[in-house]
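First the structure, in the form of structure tokens, and then the observations on it.
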Amino acid sequence: MSDLQIGLIALGALAILIILCINWWQDRRARTQMQARFPVGEHDALLKDAAPAPFTEIQRREPNFGAQQAAAAAAAAAKGAPAAKPERAEPVVSSVEEDLNATVLPVDEAALAPEVVQHDADEPDAACEAVIDVVFNEPVAGDELAPFTLGLRHAGHKPLRLFAETAGGSHHASLRPDARYASLQVAVLLANRSGPLTSGEWAEALSRARVLADQFEGNVEAPSEPAVFEHARQLDAVCAALDVQVGLTLVARTERWSASDVLTAAHQVGFAPLYDGRLPFLDKQQRVRFTLTRGDNLSFESAANTTISQLNLLLDVPRSPADPTAFSQMAAVARRLAAVLSADVVDDGGRPLADGAVTAIDRQLLERVERLEKAGLEAGSVRARRVFG
1 MSDLQIGLIA LGALAILIIL CINWWQDRRA RTQMQARFPV GEHDALLKDA
51 APAPFTEIQR REPNFGAQQA AAAAAAAAKG APAAKPERAE PVVSSVEEDL
101 NATVLPVDEA ALAPEVVQHD ADEPDAACEA VIDVVFNEPV AGDELAPFTL
151 GLRHAGHKPL RLFAETAGGS HHASLRPDAR YASLQVAVLL ANRSGPLTSG
201 EWAEALSRAR VLADQFEGNV EAPSEPAVFE HARQLDAVCA ALDVQVGLTL
251 VARTERWSAS DVLTAAHQVG FAPLYDGRLP FLDKQQRVRF TLTRGDNLSF
301 ESAANTTISQ LNLLLDVPRS PADPTAFSQM AAVARRLAAV LSADVVDDGG
351 RPLADGAVTA IDRQLLERVE RLEKAGLEAG SVRARRVFG
């Protein structure tokens, strides 16, 4: 036998020995881990003397092997049965089941807890809005819905409002990223100063709702078109009969004014900073009473370098808070501003404003305010501002 063969045989024997050692070491480590995982104390019921109990006396119970053995031992002792030789029982089935039950992953109780039903105060207004429902086959997360609702803001000249109902029944006036929604409601304004809802505007709102439903596998439910259009016409007729705006004009006596001079003078007499190109005059509750604009209808900001010869003050009665002296207050502010700018105050017809006319106009406007309230369109309310927008 050559040296090469002898060397190969030796290497093979060495490899076998190494494998045996590795297997022994792994087996020893496994036993150590099992003993550490399933410790047996001096009170372990598995090591106690136990007499075999008749099979018919055994009852089905939840996995608890040690307790069952202890009960059997106690029964045998009571009957005077001879004690069996102590016998070590390896924990196999029942102990493993106990360990699995004890090591169940923790459950997120907050996730499984029922949703606390909460409703936002804002909701669709049946008096001036028609509602299109988008019902999903499965709840959809708010953060998934949000990008697809960006187009649900207007349909023609009619604003749209979006509401949502969660799978738990909560009503939200805006989408919340962490909520899951079962349906959406698209509220379509029936009438405003642009007129009643048209068939084209209604079709546009329906189309956008259907796109959303198709995206998330839902269905669209809408009221009948004849009923919607009839309601829109009735609301528009009421609004047209009650709508009123009263204005005053300041006319420069000699020199035209710069925009900066007008803004400075307006702030001196109490106007708030510019908002949407206008100067609002606010009451103590920060509600707009009337506004000041340029006579040429240009914005104070965009036409800052052009001079001004006229200024308009406007009292929008349906959108302003009810006040029996609303016009008188606007007239008083107009006169103070005219004194600062060296201007004359005239009415809508270009006539100088007379003191007697101010009181008469207040009475007329108060009657209109009362009629608005009877029609469910209280002056300055959210509904009135929405419809007379």
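Just so you know, the sequence shown maps onto residues 1 to 389 in UniProt numbering.
Don't be surprised by glycine CBs; every beta carbon is placed ideally from N, CA and C.
Comparing C-alpha distances from D355 to each of G376, Q118, Q329 shows the shortest one belongs to Q329. Per DSSP, reduced to three states, the secondary structure at H157 is coil, with no helix or strand assignment. For the pair A334 and L250, the CB atoms are nearer than the 8 angstroms cut-off. D236 and D133 have their alpha carbons spaced roughly 24 angstroms apart.
In the structure shown, the three-state DSSP call for R294 is strand. Rounded to the nearest whole angstrom, the C-alpha separation of L365 and V340 is 28 angstroms. Annotation for E230: no beta strand (DSSP E) segment contains it, though the alpha helix (DSSP H) segment containing it runs 225-242. Straight through space, the alpha carbons of A304 and G277 are spaced by roughly 11 angstroms. One thing to note: L242 has its Cβ no nearer than 8 angstroms to the Cβ of R385. Non-local C-beta neighbours of L353 in its own chain, meaning closer than 7 angstroms and more than five positions away in sequence, comprise L248, A331, V345, V346, D347, ordered along the chain. Every alpha helix (DSSP H) of 4 residues or more that sits fully in the region 118-155 is shown, in chain order, as 142-145. Using a Cβ distance threshold of 8 angstroms, V288 and L337 do not count as a contacting pair.
Close CB contacts of S299 within its chain, under the 8 angstroms cut and outside five residues either way in sequence, are with G277 (chain order). In this structure, L311 lies near L292, with their beta-carbon atoms less than 8 angstroms apart. Around the Cβ of E255, a 10 Å sphere holds fewer than 16 other Cβ atoms; the residue is exposed. By the neighbour-count definition (other C-beta atoms within 10 Å, threshold 16), Y275 is an exposed residue. Here V269 carries a coil assignment [DSSP, helix/strand/coil]. In this structure, the beta-carbon distance from A164 to L190 does not fall below 8 angstroms. In the DSSP assignment, Q364 falls within the unbroken alpha helix (DSSP H) covering 355-374.
V220 is not a Cβ neighbour of A205, given a cutoff of 8 angstroms. Annotation: the continuous beta strand (DSSP E) that includes R180 extends over 180-189.
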